[in-house]
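Novice:
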Amino acid sequence: MIKDNLKNIKSSLPENVKLVAVSKTKPVEEILKAYNAGHRDFGENKVQEMTDKWEQLPKDIHWHMIGHVQRNKVKYMAPFVHLIHGVDSLKLLIEINKQAKKNNRTINCLMQVYIAKEETKFGLDPEEVTQLLEDTAFKNLENVRVIGLMGMATFTENKEQINKEFNFLKTFYDQLKNKYGFKVLSMGMSSDYSIALLNGSTMVRIGSAIFGERNYD
Ligand SMILES: *Cc1c(COP(=O)(O)O)cnc(C)c1O
Numbered sequence: 206m207i208k209d210n211l212k213n214i215k216s217s218l219p220e221n222v223k224l225v226a227v228s229k230t231k232p233v234e235e236i237l238k239a240y241n242a243g244h245r246d247f248g249e250n251k252v253q254e255m256t257d258k259w260e261q262l263p264k265d266i267h268w269h270m271i272g273h274v275q276r277n278k279v280k281y282m283a284p285f286v287h288l289i290h291g292v293d294s295l296k297l298l299i300e301i302n303k304q305a306k307k308n309n310r311t312i313n314c315l316m317q318v319y320i321a322k323e324e325t326k327f328g329l330d331p332e333e334v335t336q337l338l339e340d341t342a343f344k345n346l347e348n349v350r351v352i353g354l355m356g357m358a359t360f361t362e363n364k365e366q367i368n369k370e371f372n373f374l375k376t377f378y379d380q381l382k383n384k385y386g387f388k389v390l391s392m393g394m395s396s397d398y399s400i401a402l403l404n405g406s407t408m409v410r411i412g413s414a415i416f417g418e419r420n421y422d
């Protein structure tokens with residue numbers, strides 16, 4: 206039951222931690238069940254799917270783009286996206302800025318930091334994040350705001366490994382927090398969010414523990 210799952214997870218989160226309900230591959234009827242239980246923040250990993258759902262669903266939903274973003278897709282979500290979690294290049298930020306400007310808004314973003322031991326995960330090294338934040342070309346962007354970091358731990362049963370990776374990201378986040386006015390550290394999914402919380406996560410992205418297993422993704 207979506208409503209009960211939401212309630213149970215929310216009661217396990219500290220008050221300052223935001224829950225993003227990851228609804229990728231799930232139909233709008235399922236999202237509405239969570240909406241009717243009072244939930245407003247949903248995460249999707251494909252721009253097309255998120256835009257289709259935005260069109261069909263109530264407009265007070267906060268849509269989070271949690272997947273890897275192609276630059277040519279930014280224009281479709283620029284009118285409504287609430288937070289883009291997976292930003293990993295200056296080129297992408299420049300495009301987000303351009304499309305945000307066209308829509309007369311400022312779009313909030315998180316830089317995705319590479320913390321896992323897997324080849325397939327996207328993201329930047331800490332040095333690349335720092336470089337980017339100090340780049341004049343970035344500082345000149347007026348319609349995009351980087352408000353924190355996002356990371357995904359290795360997909361493993363090894364809790365010590367996951368703990369190490371989240372701790373690494375939290376340490377890096379704390380180094381940048383005051384200087385750049387960061388307020389969001391997005392880490393933790395269904396299988397590892399309790400470890401993320403122990404390491405100071407402020408935003409968890411949870412799908413299957415709310416909506417049940419996905420058939421494919
Ligand atoms: C799918 C996804 C999630 C949620 O995964 P669950 O295991 O279903 O909780 C979180 N973050 C990202 C980036 C995802 O792609």
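Residues are numbered in this note's numbering as their position in the sequence shown, beginning at 1, plus a constant of 205. By construction, the Cβ of each residue, glycine as well, lies at the ideal position given by its N, Cα and C atoms.
Would Pro331 be called buried (16 or more neighbouring beta carbons within 10 Å of its own) or exposed?
Specialist: buried
Novice: Is there contact here, the region 366-377 with the region 342-349, by at least three beta-carbon pairs under 8 angstroms?
Specialist: no
Novice: Enumerate in chain order the residues of its own chain whose CB-to-CB distance from Val279 is below 7 angstroms, with the five nearest sequence positions on each side excluded.
Specialist: Glu300, Ile301 and Gln304
Novice: Assuming Val225 and Asp257 are in contact, meaning their beta carbons sit under 8 angstroms apart, how far apart are those beta carbons, in whole angstroms?
Specialist: With a Cβ gap of about 19 angstroms, Val225 and Asp257 do not count as contacting.
Novice: Are the beta-carbon atoms belonging to Met355 and Ile266 less than 9 angstroms from one another?
Specialist: no
Novice: If you check the beta carbons only, do Asn348 and Lys388 fall under 9 angstroms apart?
Specialist: no
Novice: Under 9 angstroms, do Asp379 and Leu329 count as touching if we go by C-beta distance?
Specialist: no
Novice: Considering only C-alpha positions, which residue in the set Ser399, Ser391 and Thr407 is nearest to Glu365?
Specialist: Considering only alpha carbons, the answer is Ser399.
Novice: Compute the beta-carbon to beta-carbon distance between Met408 and Ser391, rounded to the nearest angstrom, for a pair I have assumed lies under 8 angstroms.
Specialist: 4 angstroms
Novice: Excluding the five sequence neighbours on either side, which residues of its own chain have a C-beta within less than 8 angstroms of the C-beta of Ile411, listed in chain order?
Specialist: For Ile411, where only same-chain residues beyond five positions count, the Cβ hits under 8 angstroms are Ile214, Leu224, Val225, Ala226, Val227, Gly393, Met394, Ser395 and Tyr398.
Novice: Tell me the DSSP secondary structure of Val286 in three-state form.
Specialist: coil
Novice: Out of Thr230, Leu237 and Glu220, point me to the one whose CA is closest to Lys208's CA.
Specialist: Leu237
Novice: On a Cα-Cα basis, can you pick out the residue from Asn383, Glu260, Gly291 and Ala414 that is closest to Pro284?
Specialist: Glu260
Novice: For Lys212, name the three-state secondary structure that DSSP assigns.
Specialist: helix
Novice: I'd like to confirm the pairing. Which residues does DSSP put opposite Gly248 in its beta bridges?
Specialist: Per DSSP, Val227 and His269.
Novice: Could you tell me which residues DSSP pairs with Lys301 in its beta bridges?
Specialist: Position check: residue 301 holds Ile in this sequence, whereas Lys was assumed. Bridge partners of Ile301: none, in fact.
Novice: Please tell me whether, using a cut-off of 8 angstroms, the distance from the CB of Gly353 to the nearest non-hydrogen atom of ligand 1 is below it.
Specialist: no
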